[in-house]
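The structure appears below as structure tokens.
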Amino acid sequence: MKSIERHTARSSKRFFTLLEILIVMAILVIVAGLGGLSLVRLVATQRFHAETEGLLSRLNRAEEFLMLLNIETKAQIQNKQFQLIPVGTLSDNYEELLKKEKMDLGQIKAISFDAFDGPQQTGSIELLFLDRGLRLPYGLLTLESDQGEKRYILFKGYPSPLKLSTTSPNWQEIERKELEYKEALGQSTWDLIR
85 MKSIERHTAR
95 SSKRFFTLLE
105 ILIVMAILVI
115 VAGLGGLSLV
125 RLVATQRFHA
135 ETEGLLSRLN
145 RAEEFLMLLN
155 IETKAQIQNK
165 QFQLIPVGTL
175 SDNYEELLKK
185 EKMDLGQIKA
195 ISFDAFDGPQ
205 QTGSIELLFL
215 DRGLRLPYGL
225 LTLESDQGEK
235 RYILFKGYPS
245 PLKLSTTSPN
255 WQEIERKELE
265 YKEALGQSTW
275 DLIR
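The opening position of the sequence shown corresponds to residue 85 in my numbering, with each subsequent residue numbered one higher.
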């Protein structure tokens, strides 16, 4: 009887084998790898959102420079970089102000501007903010990340705050509203603001 008790006591103190430890470690590595990949995707998505928000604020500032300070600018997106370029000569203070608006676009992989009244621009894009608001961009700026996420900025062609959208605007709705504005203002006034 004593030998049976000793045998059961020894078997309850059994340690993990090397194979069991390796299997547990492999499972932990797989789980950590999957978590790391999702973390990388999350960081890239957040960087894309931050860049699109930064670009939006700079485009709104270009419109504010035009309307408040009468500084005509050209917003240029080229070689993954955004900058505001003055149209005409400016004082040194204003030139420094525009130089601060430069921004690198590392997470935005594809950019296109579909002008409602002109051709589509891809890659190198120039948006003009001129004539105290009478000549503003009129179209849709599409920003795309390398994960395929898209964000849109709608330019209405007249002074108004720009906004980001995660869905493409409904073209028929935009055209319907413009026809309503056109009818309310009259043809001659509409031609002045367009």
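Where is the CB? At the ideal position from N, CA and C, for every residue including glycine.
Keep in mind it's a predicted model, so treat the numbers as computed, not measured.
By the three-class DSSP mapping on this structure, what secondary structure does residue 149 have? In the sequence shown, counting from the first residue as 1, residue 149 sits at position 65. In the three-state reduction of the DSSP assignment, residue 149 falls in the helix class, which pools H, G and I.
Where residue 155 sits in the DSSP three-state scheme: What you label residue 155 is simply residue 71 of the sequence shown in a count that begins at 1. Here residue 155 sits in coil by DSSP.
Of the listed residues 242, 193, 199, nearest to residue 229 (C-alpha basis): Taking the sequence shown and counting its residues from 1, the one referred to as residue 229 is at position 145. Just measuring C-alpha positions, the residue of 242, 193, 199 sitting nearest residue 229 is 193.
Please list the terminal residues of the continuous beta strand (DSSP E) segment that includes residue 198. As a working mapping, residue 198 is identified with position 114 in the sequence shown. In the DSSP assignment, residue 198 falls within the beta strand (DSSP E) that extends over 192 to 199.
Would you be able to state if there are at least three C-beta pairs under 8 angstroms between the segment 180 to 193 and the segment 154 to 165? Yes: the two stretches touch, three or more of their Cβ pairs being nearer than 8 angstroms.
What distance in whole Å lies between the Cβ atoms of residue 248 and residue 140, which are believed to be in contact at a cut-off of 8 angstroms? Sequence index remark: in the sequence shown, residue 140 carries index 56 (1-based). Sequence index remark: in the sequence shown, residue 248 carries index 164 (1-based). Contact holds; Cβ gap of about 5 angstroms.
Straight-line Cα distance separating residue 115 from residue 100: In the sequence shown, counting from the first residue as 1, residue 100 sits at position 16. In the sequence shown, counting from the first residue as 1, residue 115 sits at position 31. Approximately 21 angstroms between the Cα atoms of the pair.
Residue 214 lies in the beta strand (DSSP E); which residues open and close that run? Counting from 1 along the sequence shown, the entry for residue 214 is found at position 130. No beta strand (DSSP E) contains residue 214, which DSSP labels as neither H nor E.
Just verifying my parser: in three-state terms, what is the DSSP assignment at residue 223? For this step, residue 223 is matched to residue 139 along the sequence shown. Reduced to three states, the DSSP call for residue 223 is strand.
Assign residue 235 to one of two classes, buried (16 or more other C-beta atoms within 10 Å of its C-beta) or exposed (fewer than that). Position 151 of the sequence shown, counting from 1, holds the residue named residue 235. By the beta-carbon neighbour count (other beta carbons within 10 angstroms, threshold 16), residue 235 is buried.
Between the C-alpha atoms of residue 108 and residue 119, what's the straight-line distance to the nearest angstrom? Along the sequence shown, read from residue 1 onward, the residue named residue 108 stands at position 24. Along the sequence shown, read from residue 1 onward, the residue named residue 119 stands at position 35. Looking at the two C-alpha atoms, the distance is approximately 17 angstroms.
Compare the Cα-Cα distances from residue 149 to each of 204, 125, 213, 226 and report the closest residue. Working through the sequence shown from its first residue, we reach residue 149 at position 65. Closest option to residue 149, Cα to Cα, is 213.
CA nearest to the CA of residue 200, picked from 252, 179, 222, 216: Translated into the one-based positions of the sequence shown, residue 200 becomes position 116. Nearest of 252, 179, 222, 216 to residue 200, Cα basis: 222.
Please report how far the alpha carbon of residue 154 lies from the alpha carbon of residue 179, in whole angstroms. Your numbering for residue 154 matches position 70 in the sequence shown. Your numbering for residue 179 matches position 95 in the sequence shown. Spanning the two alpha carbons is a distance of roughly 13 angstroms.
Do you know how far the Cα of residue 267 is from the Cα of residue 137? Reading the sequence shown from its first residue, position 53 is the one you call residue 137. Reading the sequence shown from its first residue, position 183 is the one you call residue 267. Distance between the alpha carbons of residue 137 and residue 267: 34 angstroms.
Since residue 205 contacts residue 132 with CB under 8 angstroms, what's their CB separation in whole angstroms? For the purposes of this step, residue 205 is identified with residue 121 of the sequence shown, where counting begins at 1. For the purposes of this step, residue 132 is identified with residue 48 of the sequence shown, where counting begins at 1. Not confirmed; about 21 angstroms, so no contact.
Inter-residue spacing [alpha-carbon to alpha-carbon] between residue 227 and residue 254: Residue numbering aside, residue 227 sits at position 143 when the sequence shown is read from its first letter. Residue numbering aside, residue 254 sits at position 170 when the sequence shown is read from its first letter. Taking the straight line joining both Cα atoms gives about 17 angstroms.
Cβ pair residue 144, residue 245 closer than 8 angstroms: The residue you call residue 144 lines up with position 60 of the sequence shown. The residue you call residue 245 lines up with position 161 of the sequence shown. For residue 144 and residue 245, yes; Cβs fall inside 8 angstroms.
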